[in-house]
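Under numbering that gives the first Met the number 0, think of the first position of the sequence shown as 0, with each following residue one higher.
The C-beta atom is built at its ideal place from N, Cα and C for all residues, glycine as well.
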Amino acid sequence: MPQVVDHVAVARLYGEPLFALPNDLYIPPDALEVFLEAFEGPLDLLLYLIRKQNFNILDIPMAAVTRQYLVYVDEIRNHNLELAAEYLLMAAMLIEIKSRMLLPPKPVPEGEEPEDPRAELVRRLLEYEQMKLAGARLNALPHFGRDFLRAQVYIEQSLQPRFPEVHVVELQEAWRDILKRAKLVQHHRITREELSVREYMSKVLRALQGRRFVEFEELFEPEKGSTVLVVTFIALLELAKETLIEITQAEAFAPIYVRLAYTPA
């Protein structure tokens, strides 16, 4: 067993205690390096630089902010080029804005102010700050699993059972089903009613007397039921068969008229 120092192993190799470091052990320079992303993106870094120095976000000093921003980008570019790509894009945007501010403004119509090259950047910063503050307020609210846990109580025997609630629509459907079943089992009473075709033939003739033409529909009485309608129609057919009445029509789809085929004495 190697020499023990205070009976404490400095490491474990394949499960075995290691009490001293090997002399030929090679440790790469960046083996234990930890890169902490303090900012969530270019806008976060830019907003931090502005708020830290109490700059007016509506009047950003582009030279000072761009200089500080490039210093940070140079640091992260040496460690993580892939992460620095997004920051480099913002750096290019800052340099472009600064160069546009150095150029003479474009002529604009009288009464209008020239466009500020920083306007789009200010708008994005303000929107990002609003979303960041809203996210912070949401994060400050109590979260289940982080700030509190749900209390669970198990009751072995319930004192009173709770049944599911019934909605109005379900009651309506149940009532319709009851009505349907009632119609299937309801009793029909059929009564015999003796009607005379000759009697209704006489009624039709009396209705036509003294009138030149009568519309076909006027000779029927729907309120007396379908049986009377059928008998009246048969009476009309019998009268037409015996050439006592004439059924005429001016043209196709025109109203149908009925008149006497003879002149009463």
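Hey, would you say residue 94 sits closer than 8 Å to residue 117, going by beta carbons? As a position in the sequence shown, residue 94 is number 95, starting the count at 1. As a position in the sequence shown, residue 117 is number 118, starting the count at 1. Result no, Cβ atoms of residue 94 and residue 117 do not sit closer than 8 Å.
Which of the three DSSP states is assigned to residue 221 in this structure? Here residue 221 is taken as the residue at index 222 of the sequence shown, counted from 1. Residue 221 falls in the helix class under three-state DSSP.
Just the Cα atoms here: how many angstroms apart are residue 254 and residue 225? Position 255 of the sequence shown holds residue 254. Position 226 of the sequence shown holds residue 225. If you take the alpha carbons of residue 254 and residue 225, they lie about 22 Å apart.
Taking the beta carbon of residue 65 as the centre, do at least 16 other beta carbons fall within 10 Å, making it buried, or is it exposed? Taking the first residue of the sequence shown as position 1, residue 65 is located at position 66. Counting Cβ neighbours within 10 Å, residue 65 comes out buried, since at least 16 surround it.
Whole angstroms are fine: how far does the CA of residue 193 sit from the CA of residue 216? As a first step, residue 216 is located in the sequence shown; it is residue number 217 there, counting from the start. As a first step, residue 193 is located in the sequence shown; it is residue number 194 there, counting from the start. Approximately 23 Å between the Cα atoms of the pair.
Based on the DSSP output, what are the partners of residue 256 in its beta bridges? On the sequence shown, residue 256 is found 257 positions in, with the first residue counted as 1. DSSP, once it has assigned bridges, lists 214 and 247 as partnering residue 256.
On the DSSP letters alone, give me the boundaries of the beta strand (DSSP E) that residue 11 sits inside. As a working note, residue 11 is residue 12 in the sequence shown. 10-12 is the extent of the beta strand (DSSP E) around residue 11.
If we count Cβ pairs, one from each stretch, closer than 8 Å, do we get three or more for the stretch 104-111 versus the stretch 44-63? no
Can you tell me whether residue 232 is helix, strand or coil according to DSSP? If you number the sequence shown from 1, residue 232 lands on position 233. In the structure shown, residue 232 sits in a helix (DSSP, three-state: H, G or I).
Quick one, which of 134, 56, 67 and 88 has its alpha-carbon nearest residue 121's? The residue given as residue 121 occupies position 122 in the sequence shown. For the residues 134, 56, 67 and 88, the minimum Cα distance to residue 121 belongs to 56.
Whole-angstrom Cβ separation of residue 168 and residue 213, contact assumed at under 8 Å? Start at 1 with the first residue of the sequence shown, and residue 168 comes out as number 169. Start at 1 with the first residue of the sequence shown, and residue 213 comes out as number 214. Contact flag wrong, Cβ pair sits at about 53 Å.
With 16 other Cβ atoms within 10 Å as the buried cut-off, status of residue 35: Taking the first residue of the sequence shown as 1, we reach residue 35 at position 36. The predicted position of residue 35 is uncertain, since its pLDDT is 40 and thus under 50; no value can be drawn from it.
Taking the Cβ atom as the reference point for each residue, do residue 203 and residue 183 lie within a distance shorter than 8 Å? Reading the sequence shown from its first residue, position 204 is the one you call residue 203. Reading the sequence shown from its first residue, position 184 is the one you call residue 183. Contact: no.
Looking at residue 41: is its Cβ nearer than 8 Å to the Cβ of residue 100? Within the sequence shown, the letter at position 42 stands for residue 41. Within the sequence shown, the letter at position 101 stands for residue 100. No; because the gap between Cβ atoms is not below 8 Å, this pair is not in contact.
Straight-line gap, residue 206 to residue 175 (C-alpha atoms, nearest Å): Counting from 1 along the sequence shown, the entry for residue 206 is found at position 207. Counting from 1 along the sequence shown, the entry for residue 175 is found at position 176. In a straight line, the C-alpha of residue 206 is about 47 Å away from that of residue 175.
Assign residue 266 to buried or exposed, taking buried as 16 or more other Cβ atoms, counted over all protein chains shown, within 10 Å of its Cβ. There is no way to answer for residue 266, as the model of the chain reaches only from 0 to 264.
For residue 91 and residue 136, I'd like the C-alpha separation in whole angstroms. Looking up residue 91 in the sequence shown gives position 92. Looking up residue 136 in the sequence shown gives position 137. Their backbone Cα atoms lie some 33 Å apart in a straight line.
Taking only three categories from DSSP, how would you classify residue 17? As a first step, residue 17 must be located in the sequence shown, where it is residue number 18. Reduced to three states, the DSSP call for residue 17 is strand.
Rounded to the nearest angstrom, what separates residue 77 and residue 71 at their Cα positions? Within the sequence shown, numbered from 1, the residue matching residue 77 stands at position 78. Within the sequence shown, numbered from 1, the residue matching residue 71 stands at position 72. Distance between the alpha carbons of residue 77 and residue 71: 10 Å.
Please state if the CB of residue 229 and the CB of residue 196 are separated by a distance shorter than 8 Å. Position 197 of the sequence shown holds residue 196. Position 230 of the sequence shown holds residue 229. It is not a contact, given that the beta carbons lie outside the stated cut-off.
Taking the Cβ atom as the reference point for each residue, do residue 272 and residue 259 lie within a distance shorter than 8 Å? Any question about residue 272 goes unanswered here, given that the chain covers just 0 to 264.
Is residue 249 buried or exposed, if buried means 16 or more other CB atoms sit within 10 Å of its CB? To locate residue 249, count along the sequence shown from 1; it is residue 250. It is exposed - the Cβ of residue 249 has fewer than 16 other Cβ atoms within 10 Å.
Selection from 251, 69, 201 and 14 that minimises the alpha carbon distance to residue 236: As a first step, residue 236 must be located in the sequence shown, where it is residue number 237. Ranking the options by Cα distance to residue 236, first place goes to 201.
Excluding five sequence neighbours on each side, which residues of the same chain lie with their C-beta closer than 6 Å to the C-beta of residue 140? Here residue 140 refers to the residue found at position 141 when the sequence shown is read from its first residue. Here the set comprises nothing.
Report the CB separation of residue 326 from residue 11 in whole angstroms; it is logged as a contact under 8 Å. Coverage of the chain is limited to positions 0 through 264, which leaves residue 326 absent and any answer about it impossible.
Residue 62 versus residue 133: straight-line alpha-carbon distance, rounded: For this step, residue 62 is matched to residue 63 along the sequence shown. For this step, residue 133 is matched to residue 134 along the sequence shown. Distance between the alpha carbons of residue 62 and residue 133 is about 30 Å.
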